[in-house]
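Working notes, structure below.
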Amino acid sequence: MVTGQWRVLPLCMGLVQIFNVTDYRLLSCMPSRLASELHCDETLALVVLGAIVRPLAGALSDRVGRRSVTPLAARASSCASPRCC
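Quick note on our numbering: the sequence shown kicks off at 4 and runs consecutively.
Spelled out as structure tokens, the structure:
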């Protein structure tokens with residue numbers, strides 16, 4: 004089963020890593036960072052992220068396409084990584 008998929012396997016592993024790290028950042032690091040910047044509760048910061056950022060990202064993905072947005076999001080995520088936590 005895996006013997007014919009060696010070219011695709013590293014790509015899948017990289018995508019899973021990118022999506023898992025991004026999910027971790029959005030659900031744990033970003034609310035605390037946003038709460039400290041806005042001087043509010045972390046729950047409110049999580050609601051702000053969920054209510055504002057995700058619909059905007061979804062609308063961008065619908066308009067431009069996922070194949071264009073995914074590499075852009077991966078680059079933005081890696082650039083914002085040192086500033087997050």
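Yeah, the Cβ is synthetic: ideal placement off N, Cα and C, and Gly gets one too.
query	result
Start-to-end residues for the alpha helix (DSSP H) that takes in residue 17	12 to 27
Through-space distance from residue 50 to residue 69, alpha-carbon basis	24 Å
Beta-carbon proximity check, residue 35 vs residue 45, cutoff 7 Å	yes
Helix, strand or coil at residue 43 [DSSP, three-state]	coil
Of the residues 11, 65, 73 and 57, the one placed nearest residue 33, counting alpha carbons only	57
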